[in-house]
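Engineer:
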Amino acid sequence: MTVLRGAALTVAAGRRVILHDVDIELRPGCLTVLLGPNGAGKSTLVKTLAGLLTPSTGVVTLDEIPLAGMPRQRRARLIGYLPQQPCCAWALTVRQVAEIGRLPWDGRYMQNTGAVDGALAACELVGIADRHVSTLSGGEFMRAMLARVLAGEPACLLADEPTAGLDPLHQLRVMRLLRESASAGRAVLAVLHDLALADRFADEVVMLDGGRVAARGSGGDILTAETLRVVYGVEAVIGEIGGARVIQAIAPAGEAPKSTENLR
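Below, the structure is given as structure tokens:
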């Protein structure tokens, strides 16, 4: 039951402080969604939790063991990281990309084909496993990158904007993969900009603003018109369509919204 925790994290770049005294805990079985406006410090927090950035103050621990003193191979086995705008610089097939995820465990591509096959199946990529990644659509490519992470069987999965640039169908597919990964017992963190996806899939929402935690809780508790006005500077309407909660930003804060009579 691996718990990834950041305590009192402050991260600075030169004189600019990007994160200010941030606390966050990622628990097994929980999908945490990180929200906030551009420049709020979301990617910096994810990289810090992954051990790619060193906090100026505070500590990141994995099962109460400081990440900074953990051997890199062990850290790579336990934490899977999907960066914002992932890329593949080599001429690889989808299967070969997934096989890279086994390197922290096996030291080579092909020693655990079961984990690779499972990741490809989970990401619905079995039928295109032999295709070159350069031929994939945006949604297929993102799922291939996610298969690489899942093939490593990490206890914690950190995904930075995994739905960015995807059409609605592929956004749902990626979020369902993350939801299933959390349900399987992983601690999962996803950075999103889509408020409705966050509200639908997250067990917990953490909202950053100016490098600080502005709100924390369930989507229903913190994704309110007032919070969105304060943090994002927008007027929003929140209602229901077909029994599902819908959140829509409709105007900059202070502007009178247009009629929303069809949203109920």
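Numbering (our numbering), first residue to last: 2 to 265.
Glycine included, C-beta positions come from ideal geometry on N, C-alpha and C.
1. Could you work out which residue in ARG217, ASN39, GLY128, ASP118 is closest to GLU162 when comparing CA atoms only?
2. Which two residues bound the contiguous beta strand (DSSP E) that contains GLY284?
3. Could you name the residues that DSSP lists as bridge partners for ASP200?
4. Can you grab the Cα-Cα spacing for the pair GLU256 / GLU236, in whole Å?
5. Determine the DSSP secondary structure at LEU126, reduced to helix, strand or coil.
6. Once the 5 residues before and after ALA197 are set aside, which same chain residues still bring their CB inside 7 Å of it?
7. Within its chain, find whatever has a CB closer than 6 Å to the CB of ILE101; leave out the 5 residues flanking it on each side and keep chain order.
8. Give me the Cα-Cα distance between LEU36 and LYS43, rounded to the nearest whole angstrom.
9. Tell me the residue span of the alpha helix (DSSP H) that contains HIS133.
10. Which residue comes first and which comes last in the alpha helix (DSSP H) that contains GLY220?
11. Tell me, please, which residues DSSP counts as bridged to GLY208.
12. Is the beta carbon of LEU159 less than 8 Å from the beta carbon of LEU190?
13. Under the DSSP definition of a beta bridge, which residues are partnered with ASP22?
14. Give me, in chain order, the residues of the same chain whose beta-carbon lies closer than 6 Å to that of ASP286; leave out the 5 immediate sequence neighbours on both sides.
15. State buried or exposed for ASP195, treating a residue as buried only when at least 16 other CB atoms are found within 10 Å of its CB.
16. Report the three-state DSSP secondary structure of PRO67 (helix, strand or coil).
17. In the DSSP assignment, the alpha helix (DSSP H) including GLY7 goes from what residue to what residue?
18. With a Cβ-Cβ cutoff of 8 Å, do VAL95 and VAL134 count as a contact?
19. Assuming LEU158 is part of the beta strand (DSSP E), what are its boundary residues?
20. In the structure shown, what three-state DSSP assignment does ASN263 receive?
Structural biologist: So, from the listed chains and residues:
1. ASN39
2. With the chain represented from 2 up to 265, any question about residue 284 goes unanswered, as that position is not in the structure.
3. Answer is none; ASP200 lacks a bridge partner.
4. 7 Å
5. coil
6. VAL247, ILE248
7. ARG149
8. 7 Å
9. Careful: HIS133 lies outside any alpha helix (DSSP H) and carries neither H nor E.
10. 220 to 223
11. Note that residue 208 corresponds to Met in the displayed sequence, not to Gly. Its beta-bridge partners are LEU36, ALA216.
12. yes
13. The partner list for ASP22 (beta bridge, DSSP) is empty, contrary to what the question assumes.
14. Since the first and last residues shown for the chain are 2 and 265, residue 286 lies out of range.
15. buried
16. strand
17. Per DSSP, GLY7 belongs to no alpha helix (DSSP H); it is in the beta strand (DSSP E), 5 to 14.
18. yes
19. 157 to 161
20. With a pLDDT of 49 at ASN263, under the threshold of 50, the modelled position of that residue is not reliable, and the figure given next carries that caveat. Reduced to three states, the DSSP call for ASN263 is coil.
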